[in-house]
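In terms of this note's numbering, the sequence shown is residues 22 to 67. From the three backbone atoms N, C-alpha and C, an ideal C-beta is built for every residue, glycine too. Here the structure is laid out as structure tokens; the discussion comes afterwards.
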Amino acid sequence: WHGDLFELYLYKNQLTTLPKGVFDQLANLQTLGLHNNQLTALSAGG
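This is how it looks when you write it as structure tokens:
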């Protein structure tokens, strides 16, 4: 199913970190919504 995912919204989840490469399998992802979380930095993919 993840190959068909174009939009992912993770609003208001109190996320503080995201593992490097967490979205690597989402090749068709075009929109990523992360607002209203506690993220302070994001690593480059790969």
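Contact between Leu26 and Leu47 holds: CB atoms are separated by about 5 Å, below the 8 Å threshold. Counted as a single uninterrupted DSSP element, the beta strand (DSSP E) harbouring Leu53 occupies residues Thr52 to Gly54.
Apart from sequence neighbours up to five positions away, the residues of its chain that approach Leu36 with a beta-carbon distance below 8 Å are Leu55, Asn58, Gln59 and Leu60, ordered along the chain. In its chain, beyond the 5 residues on either side, no residue has a beta carbon closer than 6 Å to the beta carbon of Thr38. Looking at the DSSP output, Tyr30 shares a beta bridge with Gly54.
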